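To convert, take the position in the sequence shown, counting from 1, and add 36; that gives our numbering.
Take a look at the structure below.
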Amino acid sequence: MKLLVLGSGGREHALVWKLAQSRHVTQMFVAPGNAGTAAECLAANGAPVQNVAIGAEDIPALVAWAQANRPDFTVVGPDGALGAGVVDAFQAAGFKIWGPNQRAAQFEASKVFSQDFMERHGIPTAKSGTFADPVAAKRFCATLGGRCAVKADGLALGKGVLLAGNVDEAERAVDEIMVDKAFGTAGARVVVQEFLEGMEISLHALCDGKMAKLFPTSQDHKRALDGDQGLNTGGMGTYSPAPFLTDAELADVGRQILNPWLAGCAADGIDFRGLLYPGVMLTKSGPKVIEFNARFGDPETQVYLPRLENDLVELLLASAEGRLADVELEWSPSACVCVVLASGGYPGSYAKGKVIHGLDQANALPGVKVFHAGTATKDGQTVTSGGRVLGVTAWAPTLRAARDQAYAAANVICFEGIQYRRDIAAKGLR
Ligand code: AMP
Ligand code: GLY
């Protein structure tokens with residue numbers, strides 16, 4: 037089978053690494069990929085994975101590439117490509133592709149759409165309001181005492197959410213998004229949610245248009261600095277499982293969210309075939325969805341896929357073809373931890389092109405895989421090319437051992453300006 041994977045981050049390297057283990061895959065291309073994806077080889081025949089220099093959102097060029105190269109199956113990583121309608125374009129051209137279509141991808145592409153859907157279909161979520169007018173938005177913030185999350189409606193590279201603790205901060209957040217247009221047209225409308233207290237976890241469910249199969253729990257670390265301080269980032273590290281829910285509690289939380297979500301999709305005629313990733317706050321009054329994403333999490337994927345025992349090609353085909361009832365997800369009991377190594381200055385501005393040392397030594401440690409995110413190859417060397425550079429991932433029988441091994445591997449890697457959190461998985465070990 038000839039496979040095309042779209043994207044270039046750590047999530048996509050993890051997807052490529054796992055898909056390359058499938059006995060079904062005899063050729064694999066990644067558009068555009070990174071230095072890590074280009075270093076993978078297929079288990080079936082040893083063939084190298086090949087990067088293709090086309091951006092994941094350049095839909096006309098991707099369709100033209102598919103028409104010339106005839107992939108049997110395409111797997112989409114990033115939300116931008118889904119929101120831009122890559123699935124619809126490939127299907128219209130007669131190609132099989134995994135991921136939600138543009139209408140279904142609105143769960144992530146529009147927070148207004150998602151919030152309205154949750155309220156109409158009884159999915160537990162924060163008290164909220166949706167506004168196109170900054171004055172009305174501020175009035176609602178004031179009714180919450182200013183303790184709220186102000187969210188740009190559209191996609192904003194994971195940065196379109198501002199948290200406020202008082203009325204002044206809330207008004208500034210509304211102005212930043214709606215008046216100063218910090219996130220451009222994504223902020224033409226906002227969702228304002230009450231501020232939820234509790235433990236935040238990531239859920240993932242693979243969906244086929246009719247049913248949803250829940251993954252184990254994981255937890256991300258969104259803030260840049262230790263102790264959940266500093267700016268929001270795309271995610272500085274993850275671990276799985278997160279010990280805040282028993283298996284029975286997880287199944288119950290999954291039911292509270294996924295049953296009304298599936299019923300709502302059926303009622304509204306939404307055919308969601310892909311990965312639903314609800315961000316959930318475990319509050320004193322029960323689980324509440326703070327947002328939906330319509331793709332694998334990054335860096336959640338880096339800790340899920342080493343634990344997944346199924347053939348990922350078979351799972352994604354079953355999802356795309358509406359056959360999930362026939363498959364059972366199988367997970368290794370091991371724990372997995374991913375520590376993100378970032379460029380100095382991230383999530384603000386940062387330098388690129390720094391030579392990365394120690395990758396081979398880190399990868400040689402037992403139970404370790406270094407997933408590349410923002411990397412490129414230059415003059416035969418691996419160099420930094422993004423804010424999140426690497427996801428150093430380790431698995432072991434216990435969370436503590438996996439955490440220690442991930443940090444042992446992180447400690448042998450260096451590049452100028454390297455920064456990473458030292459407390460990934462600490463909440464799970466308390
Ligand atoms: P989002 O992109 O919607 O996941 O928001 C980014 C981050 O902001 C989340 O991961 C939470 O940590 C935080 N957040 C979002 N909404 C809320 C809320 N209603 N209450 C408290 N924290 C929130
Ligand atoms: N882990 C955060 C995200 O994928 O959006």
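Where a beta carbon is used, it is the ideal one built from N, C-alpha and C, also for glycine.
Everything numeric in this text was worked out from a predicted model, so none of it was measured.
- Closest in C-alpha terms to Thr411, from the list Lys388, Ala241 and Lys217, comes Lys388.
- Positions of the beta strand (DSSP E) runs, each at least 3 residues long and wholly inside the stretch 156-218, are given as 164-167, 184-188 and 197-200 in order along the chain.
- In this structure, the CA atom of Pro296 is about 16 Å from the CA atom of Ile326.
- Across the structure, Lys258 and Phe251 are spaced so that their CA atoms are roughly 20 Å apart.
- Minimum Cα-Cα distance from Leu242 among the listed residues Gly263, Leu353, Val406 and Gly130 corresponds to Leu353.
- Proximity of the stretch 343-358 to the stretch 147-163 falls short of the contact definition, fewer than three beta-carbon pairs being nearer than 8 Å.
- With fewer than 16 other Cβ atoms from the protein chains shown falling within 10 Å of its own Cβ, Thr179 counts as exposed.
- Your pair Glu230 and Ala162 checks out as a contact, with CB atoms roughly 5 Å apart and the cut at 8 Å.
- By the Cβ criterion, the stretch 309-319 is not in contact with the stretch 394-410, since fewer than three pairs of Cβ atoms, one from each stretch, lie closer than 8 Å.
- In the structure shown, the three-state DSSP call for Val226 is strand.
- Secondary structure of Gln138 (DSSP, three-state): coil.
- For Pro335, the closest C-alpha among the options Leu78, Gly194, Ala140 and Phe167 is that of Gly194.
- Assigned with DSSP and collapsed to three states, Met317 falls in strand.
- Residues close to the ligand GLY by the beta carbon criterion (under 5 Å to any non-hydrogen atom) are, from first to last along the chain, Asp256, Gly271, Gly333 and Asp334.
- Using a cutoff of 6 Å, the CB of Gly315 counts as near the ligand AMP, since one of the ligand's heavy atoms is closer than that.
- With a threshold of 6 Å, the Cβ atom of Lys463 does not count as near the ligand AMP, since no heavy atom of the ligand is closer than that.
- The C-beta separation of Thr274 from Gln255 comes to about 6 Å, placing the pair in contact by the 8 Å criterion.
- In the DSSP assignment, Thr274 is bridged to Asp256 and Cys374.
- In this structure, Val373 lies away from Ala445, with their beta-carbon atoms at least 7 Å apart.
- In this structure, Ala378 and Met272 form a Cβ contact; the two beta carbons are roughly 7 Å apart against a cut-off of 8 Å.
- Residue burial is scored here from C-beta neighbours: Cys177 has at least 16 other C-beta atoms within 10 angstroms and is therefore classed as buried.
- 7 Å or more divides the Cβ of Val428 from the Cβ of Gln397.
- Comparing C-alpha distances from Gly290 to each of Asn268, Gln63 and Lys324 shows the shortest one belongs to Lys324.
- In the three-state scheme derived from DSSP, where H, G and I count as helix and E and B as strand, Val85 is classed as coil.
- By the CB criterion at 7 Å, Gly182 and Ala206 fall inside the cutoff.
- Taking Gly135 as the centre and dropping the five residues before and after it, the same chain places the C-beta of Val112, Leu118, Val123 and Gly310 closer than 6 Å to its C-beta, in chain order.
- In this structure, the alpha-carbon of Gln103 lies about 23 Å from that of Asn70.
- Counting only residues of its own chain and dropping the five nearest sequence neighbours on each side, Trp431 has a CB closer than 6 Å to the CB of Pro342, Ser370, Cys372, Gly403 and Ala438.
- Each residue's CA atom was taken as its position, placing Phe308 and Asp415 some 43 Å apart.
- Within 6 Å of the C-beta of Leu232 there is at least one heavy atom belonging to the ligand AMP.
- Under the three-state reduction of DSSP, Leu98 is assigned to helix.
- As DSSP reads the structure, Arg424 sits in a beta bridge with Ala378.
- The three-state secondary structure of His393, taken from DSSP, is strand.
- In the structure shown, Ile326 adopts extended strand secondary structure according to DSSP, grouped into three states.
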